[in-house]
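The opening position of the sequence shown corresponds to residue 13 in the working numbering, with each subsequent residue numbered one higher. First up is the structure itself, then whatever we jot down about it.
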Amino acid sequence: DDLAKSPHMARIGNSVFRDICPGDPTCSKFGFYQGGQPTPMMEECLLYKLTMHGQRGIAANESLFQHVFTSRYGKVRIFKVRRVSLKSKKWVADPANRRCDAPGSWYCVGQYPPALAPLIARRKNFAQLEDFNTKRSSEDEAYDKEYHERMSGRKGPSDGPGGGGGSKGRPGLWYLGCVGAEALLGEERTYSGGADGSTLAEARAFAKEAGSRYVALARSGMDGHAFAIPALPPGWKAGSLDDAGCSTPCLDFQEYGCGCADELCAEAGVSAVRGEEHV
13 DDLAKSPHMA
23 RIGNSVFRDI
33 CPGDPTCSKF
43 GFYQGGQPTP
53 MMEECLLYKL
63 TMHGQRGIAA
73 NESLFQHVFT
83 SRYGKVRIFK
93 VRRVSLKSKK
103 WVADPANRRC
113 DAPGSWYCVG
123 QYPPALAPLI
133 ARRKNFAQLE
143 DFNTKRSSED
153 EAYDKEYHER
163 MSGRKGPSDG
173 PGGGGGSKGR
183 PGLWYLGCVG
193 AEALLGEERT
203 YSGGADGSTL
213 AEARAFAKEA
223 GSRYVALARS
233 GMDGHAFAIP
243 ALPPGWKAGS
253 LDDAGCSTPC
263 LDFQEYGCGC
273 ADELCAEAGV
283 SAVRGEEHV
């Protein structure tokens, strides 16, 4: 649905308006926690408010958006936009402000009204980003490189200038071992995904919120899988695995291993343990 796709939409928007996710080309703070709980940034998003309007106590600003229709299964929602600027509507409707390819032509490219000029002035023109015949600035090259490094998991959200990642401080966690099967973590485990499975700081916060003393991670690029474990299962023995997948670095404390899953395991040459379908 729209919310599931919205992190990708945010990344596209940020490539044009860099202040959507400042210093974060992948918009890693825009998404959902365990059980569909939105991150603070997602919670403030207009798309989220319109999609969830009337559910879980969530409501759009009804002075600006009037709900007029929801389809039977909730796949379509229609809102009427209120308090539209009459001055801007009049400006757009004026034929003198249309840009046509020829006098009297039916093909006329639209223009934004002057009231939006400050917003439009902040954008990065798509021609600068996608046209290979246009010389790109060093800023654009750096942004593109940063984006691909983060999406591939080679760089964490807090790396780079002013990031504060790497080995600053300690994560407040102690390594107990590496296992190759989720079942070995016990039946009382609680699952989370996203950054909880790729950064020790998020994993620790997740375990604390779940009231658990232990947490297990399996990183997959920028995201991963995390399991909060209230107590070690009976007969627990320290994980016996010790391969390249176990030592896959965490995004925030790269001297610590966060385990691997999916593509990162494949890159490390690790395959599923006996009896398991996935790594």
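All C-beta atoms, glycine included, are put in the ideal place defined by N, C-alpha and C. These figures come from a predicted structure and were not determined experimentally.
Residue(s) in a DSSP beta bridge with residue i
i, result
"P107", "Paired residues: none, contrary to the question."
"V93", "F77"
"S204", "A238"
"T82", "R89"
"C112", "C120"
"P261", "G269"
Collapsed DSSP secondary structure at residue i in the structure displayed
i, result
"S149", "coil"
"L229", "strand"
"G236", "strand"
"G269", "strand"
"F44", "strand"
"T63", "helix"
"V121", "strand"
"P50", "strand"
"P130", "helix"
"I294", "Here the chain has residues from 13 to 291 only, and residue 294 is not among them."
"K136", "coil"
"V28", "helix"
"L185", "coil"
"L244", "coil"
"C190", "coil"
"S224", "coil"
"S283", "coil"
"S18", "helix"
"E4", "Nothing about residue 4 can be reported from this structure: the residues present for the chain run from 13 to 291 only."
"E214", "helix"
"A256", "coil"
"C277", "helix"
"E55", "helix"
"G209", "helix"
"K249", "coil"
Assumed close pair residue i, residue j - CB separation to whole angstroms, cut-off 8 Å
i, j, result
"P261", "E158", "That belief does not hold up - the Cβ atoms of P261 and E158 are roughly 18 Å apart, past 8 Å."
"G236", "C270", "7 Å"
"A213", "D264", "5 Å"
"R94", "S75", "6 Å"
"G257", "A280", "5 Å"
Closest residue to residue i among the options (Cα-Cα distance)
i, options, result
"W248", "R111, Y119, Y226", "Y226"
"Y268", "T51, D113, W186", "W186"
"Q78", "A256, L15, A105, L62", "L62"
"R111", "V96, P50, Y124, A230", "Y124"
"Y203", "H20, K17, A222", "A222"
"E161", "M234, K87, S100", "M234"
"A193", "K92, A228, S259, Y85", "A228"
"S97", "G122, W118, L128", "L128"
"F218", "T51, E275, I24", "T51"
"L1", "A154, P242, S259", "There is simply no residue 1 to check, as the chain begins at 13 and stops at 291 in what is shown."
"G184", "A154, A273, T211", "T211"
"P246", "E199, E153, W118", "E199"
"M54", "D106, Q266, A16, D152", "A16"
"R231", "K220, S18, A195, C190", "C190"
"W103", "G122, G116, W118, S117", "G122"
"F91", "S100, N109, A71", "A71"
"L244", "G116, S100, R148, S224", "S224"
"A240", "S259, G116, R201", "R201"
"S259", "A105, L188, P34", "L188"
- Query: How do the stretch 130-139 and the stretch 27-37 stand: do at least 3 beta-carbon pairs fall below 8 Å, yes or no?
  - Reply: yes
- Item | Sufficient close CB pairs (3 or more, under 8 Å) joining the stretch 40-60 to the stretch 80-87 | no
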